[in-house]
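Asker: Sequential numbering of the sequence shown, starting at 16, is according to the working numbering. Structure in structure tokens, see below.
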Amino acid sequence: ALLGAAGCATVAPRTPPPPPLPSIERPETAGSLFLEADYERRHGHPKEAIGLLQEAAKLDPGSPDILAALAQTYAQTGDAEKARATAEEVLKRDPDHEEALRLLVGLHAREHEYDQALPHLRHLVELHPDDLHLLIQLAEMAVEADHPKEAIARLQQYLADHPASVPAHFHLARALAASGDLDGAIDHFRFCTRERPEVERGWINLGTAYEQKGDLPAAIDAYRKALEINPYNRALSKRVAQLLVATKQVDAAIAAYEKLVQERPDDLRAQLRLALLLYDQKRLDDALARLEKIHDRWPDNPRVSYLLALTYEERKEPDKALALLRPLYDQDPTNLEVAYHLVNNLEAKKDKEAILALFSQGQLGREPMPADLLLYLGMAEARLKAYPEAEQIYTAALKRYPDDPRLHFQLGALYERMDRFEASVAELKESLRLDPDQPHALNYLGYMYAERNIHLDESLKLVKRAVELRPNDGYIIDSLGWVYYKLGRLEEARKAVEHALELAPDDAVIRDHMGDIYWALGRHEDSFKEWQRALELDGDEVKGLEEKIARHRALLQGRGGR
Numbered sequence: 016a017l018l019g020a021a022g023c024a025t026v027a028p029r030t031p032p033p034p035p036l037p038s039i040e041r042p043e044t045a046g047s048l049f050l051e052a053d054y055e056r057r058h059g060h061p062k063e064a065i066g067l068l069q070e071a072a073k074l075d076p077g078s079p080d081i082l083a084a085l086a087q088t089y090a091q092t093g094d095a096e097k098a099r100a101t102a103e104e105v106l107k108r109d110p111d112h113e114e115a116l117r118l119l120v121g122l123h124a125r126e127h128e129y130d131q132a133l134p135h136l137r138h139l140v141e142l143h144p145d146d147l148h149l150l151i152q153l154a155e156m157a158v159e160a161d162h163p164k165e166a167i168a169r170l171q172q173y174l175a176d177h178p179a180s181v182p183a184h185f186h187l188a189r190a191l192a193a194s195g196d197l198d199g200a201i202d203h204f205r206f207c208t209r210e211r212p213e214v215e216r217g218w219i220n221l222g223t224a225y226e227q228k229g230d231l232p233a234a235i236d237a238y239r240k241a242l243e244i245n246p247y248n249r250a251l252s253k254r255v256a257q258l259l260v261a262t263k264q265v266d267a268a269i270a271a272y273e274k275l276v277q278e279r280p281d282d283l284r285a286q287l288r289l290a291l292l293l294y295d296q297k298r299l300d301d302a303l304a305r306l307e308k309i310h311d312r313w314p315d316n317p318r319v320s321y322l323l324a325l326t327y328e329e330r331k332e333p334d335k336a337l338a339l340l341r342p343l344y345d346q347d348p349t350n351l352e353v354a355y356h357l358v359n360n361l362e363a364k365k366d367k368e369a370i371l372a373l374f375s376q377g378q379l380g381r382e383p384m385p386a387d388l389l390l391y392l393g394m395a396e397a398r399l400k401a402y403p404e405a406e407q408i409y410t411a412a413l414k415r416y417p418d419d420p421r422l423h424f425q426l427g428a429l430y431e432r433m434d435r436f437e438a439s440v441a442e443l444k445e446s447l448r449l450d451p452d453q454p455h456a457l458n459y460l461g462y463m464y465a466e467r468n469i470h471l472d473e474s475l476k477l478v479k480r481a482v483e484l485r486p487n488d489g490y491i492i493d494s495l496g497w498v499y500y501k502l503g504r505l506e507e508a509r510k511a512v513e514h515a516l517e518l519a520p521d522d523a524v525i526r527d528h529m530g531d532i533y534w535a536l537g538r539h540e541d542s543f544k545e546w547q548r549a550l551e552l553d554g555d556e557v558k559g560l561e562e563k564i565a566r567h568r569a570l571l572q573g574r575g576g577r
């Protein structure tokens with residue numbers, strides 16, 4: 016029944032389903048992707064931005080703006096190669112695209128590829144001929160690319176229309192300085208400082224131009240103007256101090272460094288420069304006081320220890336100097352300056368044994384002693400008249416350095432003092448064989464011959480060659496005069512030795528020779544004056560000088576006249 020009822024019932028018509036709602040996912044356009052990429056880029060997601068821009072470029076391949084944004088983003092991620100290639104692609108589509116031009120300028124400039132950047136920068140200047148900022152950028156880059164003439168021409172052209180432009184004058188001055196026209200640069204920098212005297216940079220550049228020109232006092236004045244504007248420019252204050260030293264304004268330089276040290280006591284370089292200035296001025300007490308304080312603060316600094324040792328040495332305090340120099344030498348036996356002063360102070364103490372011990376220590380070292388140090392060790396022993404020790408050093412040195420003419424010369428001079436004439440001649444000749452143009456070796460051998468009155472023609476030849484090599488050496492010219500004297504060429508001897516005295520007026524030996532020559536010429540009173548002067552200068556230098564004076568006075572009295 017139910018089934019029948021159901022089957023007989025009337026069926027109502029069905030309601031059709033509602034149409035589907037429109038989708039909120041619309042197809043993306045190049046513009047929407049561009050905006051999304053800009054958002055990502057500005058929020059620090061450049062990689063996501065690159066992907067979006069690449070998709071946008073596919074949808075709109077002709078858009079230079081999309082490619083320019085992609086190039087910028089490549090640059091942001093450090094991919095300069097892709098940034099450059101993409102920016103160049105932009106310019107193929109739009110040669111005047113400023114963003115791409117500026118990007119390429121920046122990319123090339125970052126790599127110092129100025130010649131590649133300049134064409135793009137020139138194009139920007141053509142697009143904006145009145146943009147001074149772009150013009151200055153072009154001028155600076157042209158100078159960097161070693162094209163200062165282009166910078167000069169463009170800035171001069173701009174100044175023809177804008178003669179009061181201080182920035183244009185300033186950059187023109189820089190270009191002129193780069194081209195070598197320092198006078199022109201100074202004129203334009205001075206214009207800048209007249210028009211804008213409150214700008215520090217103008218005065219600094221003016222000072223630099225004066226310095227390059229060699230006008231150091233004018234440079235100092237300009238730098239001081241800059242320091243009036245900015246007294247905290249420490250680098251410039253240091254430069255002024257250095258120029259004061261260079262111009263021999265020592266008191267002003269000391270004051271400048273004292274101010275620098277007062278402002279920054281931890282500035283070691285300024286501290287040392289001040290101490291050195293005091294040392295050079297022989298203000299040894301002041302230098303010592305300052306260096307001792309510096310050493311207390313920097314006890315392990317070798318430069319500080321070395322300078323303090325030099326000050327002790329200058330004050331004739333060798334023990335204190337040696338206490339500092341010995342550790343420095345042990346740390347670095349190859350430091351010849353330290354070794355020189357170490358030997359110098361040992362010599363000042365007349366410590367022959369310590370000098371020889373230093374030589375022996377060097378012989379046992381892993382590295383051979385330098386020839387220069389061996390030379391100085393031998394010379395120190397010779398000056399102390401420790402002749403056997405000096406000979407030991409020189410002969411050992413020559414085993415290692417057999418072709419060093421200096422060692423042969425010093426050994427030859429040593430043998431002469433030891434009255435070993437033949438050995439001396441052999442060493443001096445060997446020295447001259449190795450180096451024929453040694454003025455001192457030539458002079459020494461020639462003088463030795465003259466003193467013994469032998470080989471006088473050879474002696475004259477040797478000494479004349481020495482004079483050619485050292486025409487203003489009073490001692491060598493004296494030797495020439497002495498050879499002439501031995502040859503009996505008295506007028507030539509007189510002229511030579513008088514000239515020698517002009518060059519070395521306080522040498523006792525030369526005065527003694529002058530006396531002998533005057534005596535031979537019959538100028539007896541002049542002879543006694545010269546001999547007496549030699550005695551006053553250094554009586555020990557000339558053997559038997561007092562006896563010679565007495566003998567000649569007696570001889571003169573015996574003749575009954577002058």
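Think of the CB as a built atom: it goes at the ideal place given N, C-alpha and C, for glycine as much as any other residue.
1) Note down the Cα distance separating E362 from Y416, rounded to an integer number of angstroms.
2) If we call anything under 8 Å between Cβ atoms a contact, is V482 one with G496?
3) Apart from the five residues just before and just after P163, which ones in its own chain have a Cβ nearer than 8 Å to its Cβ?
4) How would you write the range of the alpha helix (DSSP H) that S494 sits in, first residue to last?
5) Is the beta carbon of A179 sitting closer than 8 Å to the one on R169?
6) Taking only three categories from DSSP, how would you classify P314?
7) Just to confirm before moving on: does the CB-CB distance between A52 and L68 stay below 8 Å?
8) With S446 as the anchor, note down where its alpha helix (DSSP H) starts and where it stops.
9) Any chance you could list the beta strand (DSSP E) runs of at least 3 consecutive residues sitting entirely within the region 299-387, in chain order?
10) Considering P61, what are the terminal residues of the alpha helix (DSSP H) in which it resides?
11) For E273, collect the residues of the same chain with a Cβ closer than 8 Å to its Cβ; drop the 5 residues on either side in sequence, then sort them by chain order.
12) Assign K563 to one of two classes, buried (16 or more other C-beta atoms within 10 Å of its C-beta) or exposed (fewer than that).
13) Just how far apart, CA to CA, sit L106 and L231?
14) Select from R99, G46 and A90 the residue whose C-alpha is nearest the C-alpha of P76.
15) Q453 by DSSP, collapsed to three states: which one?
16) Any idea if F49 is buried or exposed, counting beta-carbon neighbours within 10 angstroms, 16 or more meaning buried?
17) What does the alpha-carbon distance come out to for the pair E551 and A256?
18) By the three-class DSSP mapping on this structure, what secondary structure does I469 have?
19) Measuring CA to CA, which of R568, K331, H184 and I532 is closest to N220?
20) Are the CB atoms of A270 and V260 nearer to each other than 8 Å?
21) Would you mind reading off the limits of the alpha helix (DSSP H) that contains L283?
22) Would you mind reading off the limits of the alpha helix (DSSP H) that contains H138?
23) Just the C-alpha distance for A454 and D419, rounded to the nearest angstrom, thanks.
24) For the alpha helix (DSSP H) containing D176, list its first residue and its last residue.
25) Between Y490 and S474, which are expected to be in contact by the criterion C-beta below 8 Å, what is the C-beta distance as a whole number of angstroms?
26) For Y409, count neighbouring C-beta atoms within 10 Å of its own C-beta (all shown protein chains included) and say buried if the count is 16 or more, exposed if not.
Answerer: Looking at the coordinates:
1) What you label residue 362 is simply residue 347 of the sequence shown in a count that begins at 1. What you label residue 416 is simply residue 401 of the sequence shown in a count that begins at 1. The straight-line gap from Cα to Cα measures roughly 24 Å.
2) As a first step, residue 482 must be located in the sequence shown, where it is residue number 467. As a first step, residue 496 must be located in the sequence shown, where it is residue number 481. No, the pair does not count as a contact, with Cβ atoms beyond the cut-off.
3) For this step, residue 163 is matched to residue 148 along the sequence shown. These residues qualify, in order along the chain: A157, A190, L191, A193 and S194.
4) Numbered from 1 along the sequence shown, position 479 holds the residue referred to as residue 494. Counting along the chain, the alpha helix (DSSP H) containing S494 begins and ends at G489 to L502.
5) For the purposes of this step, residue 179 is identified with residue 164 of the sequence shown, where counting begins at 1. For the purposes of this step, residue 169 is identified with residue 154 of the sequence shown, where counting begins at 1. Going by C-beta atoms, A179 is not nearer than 8 Å to R169.
6) Here residue 314 is taken as the residue at index 299 of the sequence shown, counted from 1. The answer is coil: DSSP assigns P314 none of H, G, I, E or B.
7) Translated into positions along the sequence shown, residue 52 becomes position 37. Translated into positions along the sequence shown, residue 68 becomes position 53. Against a cut-off of 8 Å, the Cβ pair of L68 and A52 comes out as a contact.
8) The residue given as residue 446 occupies position 431 in the sequence shown. Element bounds for S446: F436 to L449.
9) none
10) In the sequence shown, the residue the question calls residue 61 occupies position 46. P61 to L74 is the span of the alpha helix (DSSP H), which, as asked, contains P61.
11) Residue 273 sits at position 258 when you count from the first residue of the sequence shown. So the list reads L289, once near-sequence residues are dropped.
12) Your numbering for residue 563 matches position 548 in the sequence shown. Label assigned to K563: buried.
13) Within the sequence shown, the letter at position 91 stands for residue 106. Within the sequence shown, the letter at position 216 stands for residue 231. Going from the Cα of L106 to the Cα of L231 covers about 50 Å.
14) Reading the sequence shown from its first residue, position 61 is the one you call residue 76. Nearest of R99, G46 and A90 to P76, Cα basis: G46.
15) Here residue 453 is taken as the residue at index 438 of the sequence shown, counted from 1. It is coil, neither helix nor strand.
16) Your numbering for residue 49 matches position 34 in the sequence shown. So F49 counts as buried.
17) Indexing the sequence shown from 1 puts residue 551 at position 536. Indexing the sequence shown from 1 puts residue 256 at position 241. Distance between the alpha carbons of E551 and A256: 44 Å.
18) Indexing the sequence shown from 1 puts residue 469 at position 454. Coil at I469, not helix or strand.
19) Numbered from its first residue, the sequence shown carries residue 220 at position 205. Per the Cα distances, H184.
20) Counting from one through the sequence shown, the residue named residue 270 turns up at place 255. Counting from one through the sequence shown, the residue named residue 260 turns up at place 245. No, the Cβ-Cβ distance between A270 and V260 is not below 8 Å.
21) Here the question's residue 283 lines up with position 268 in the sequence shown. Taken as a continuous stretch (DSSP letters only), the alpha helix (DSSP H) holding L283 covers L283 to D295.
22) The residue labelled residue 138 in the question sits at position 123 within the sequence shown. Run containing H138: Y129 to L142, per the alpha helix (DSSP H) assignment.
23) Reading the sequence shown from its first residue, position 439 is the one you call residue 454. Reading the sequence shown from its first residue, position 404 is the one you call residue 419. A small correction: the amino acid at residue 454 is Pro; Ala does not occupy that position in the sequence shown. Approximately 16 Å, taken between the alpha carbons.
24) Here residue 176 is taken as the residue at index 161 of the sequence shown, counted from 1. P163 to D176 is the extent of the alpha helix (DSSP H) around D176.
25) Looking up residue 490 in the sequence shown gives position 475. Looking up residue 474 in the sequence shown gives position 459. Not really, about 15 Å apart at Cβ, beyond 8 Å.
26) Within the sequence shown, numbered from 1, the residue matching residue 409 stands at position 394. Its Cβ being crowded by 16 or more others within 10 Å, Y409 is buried.
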